[in-house]
């Protein structure tokens, strides 16, 4: 795993939300055909 098990849930959840936000940003910047 990517170290999620060793972290507290609040920290894990925050990092997951950051990943989702980053993915959305990238998707918005790439024009979809």
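Numbering (our numbering), first residue to last: 8 to 40.
For glycine and all other residues, C-beta sits at the position ideal for the given N, C-alpha and C.
Owing to the predicted nature of the structure, the values given are computational and were not obtained by experimental measurement.
Identify the continuous alpha helix (DSSP H) that holds residue 17 and give its terminal residues. Per DSSP, residue 17 belongs to the alpha helix (DSSP H) from 16–36.
Return yes when at least one heavy atom of the ligand FMN lies under 8 angstroms from the C-beta of residue 19, else no. Annotation note on the ligand FMN: not contained in the displayed structure, which lists no ligands.
Whole-angstrom distance between residue 25 and residue 40, CA atom to CA atom: Each residue's Cα considered, the two are about 26 angstroms apart.
Through-space distance from residue 37 to residue 19, alpha-carbon basis: When rounded, the distance between both Cα atoms is 27 angstroms.
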